[in-house]
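Input: a single structure, listed below in structure tokens.
Laid out in structure tokens, this is it:
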């Protein structure tokens, strides 16, 4: 395989090791496509825009804990799929339209929409984690303080900032 020519196939291979790994093949803005196969074998990422598309976008990453997660992403997703009614609602009702809105925000460099959608998606993801049985807690007190500070900033300053708490 010529890695320089077939990022799609490489993305699909990476997906077999870790779901989110398929997004790491590309730079810039990447969409993880679900695929149609039940086993996820045709799931892969596609690049929506390269890293120069939104060159004035600044991303700050804050590592709030060096500890290993109590619940791995793989087992957490398995438990969530098996027990969370909110996940089904999110997947069927919320995510499809949110993806379209996010693609539009990225294409048009609409930071206000980008920020609103990103924060809402992060919050809802963690709500799904809490809806899982037993509940999954990926955030800690520092994560909650950062979210609170960003929300207070957005309310008082009127210039949106964004947070996302990945796992």
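Residue numbers (the UniProt record's numbering): 1 to 167.
Glycine residues also receive a C-beta, built at the ideal position from the N, C-alpha and C atoms.
Note that the structure is a prediction, hence the values are computed from the model and not measured.
Which residue wins for smallest C-alpha separation from residue i, given the options the options?
i	options	result
residue 67	148, 75, 139 and 89	139
residue 144	52, 122, 70 and 10	122
residue 25	51, 38, 110 and 65	51
residue 136	79, 27, 108 and 58	79
residue 108	9, 86 and 29	29
residue 89	127, 65, 74 and 73	127
residue 56	110, 94 and 100	110
residue 170	146, 100, 156 and 86	Because the chain spans 1 through 167 in this model, residue 170 falls outside it and cannot be assessed.
residue 134	58, 75 and 37	75
Let me check one thing: in DSSP terms, what residues is residue i bridge-paired to?
i	result
residue 47	30
Just the C-alpha distance for residue i and residue j, rounded to the nearest angstrom, thanks.
i	j	result
residue 47	residue 33	10 Å
residue 125	residue 43	20 Å
residue 84	residue 92	13 Å
residue 53	residue 77	32 Å
residue 63	residue 150	16 Å
residue 141	residue 6	42 Å
residue 10	residue 112	33 Å
residue 41	residue 35	8 Å
residue 70	residue 27	29 Å
residue 21	residue 87	21 Å
residue 38	residue 129	22 Å
residue 152	residue 94	26 Å
residue 148	residue 96	28 Å
Counting only the same chain and skipping the five closest in sequence on each side, list residues whose C-beta sits under 7 Å from that of residue i.
i	result
residue 154	160 and 161
residue 119	162 and 163
residue 166	none
Can you name, in chain order, every residue of its own chain whose Cβ lies under 6 Å from the Cβ of residue i, other than the five neighbours on each side?
i	result
residue 114	105
residue 132	79, 80, 83 and 84
Less than 8 Å between C-beta atoms, sequence neighbours within five positions excluded: which residues of the same chain meet that for residue i?
i	result
residue 103	31 and 48
residue 98	117, 120 and 121
residue 72	none
residue 101	113 and 117
residue 65	140 and 142
Residue i: buried (16+ other C-beta within 10 angstroms of its C-beta) or exposed?
i	result
residue 23	buried
residue 45	buried
residue 81	exposed
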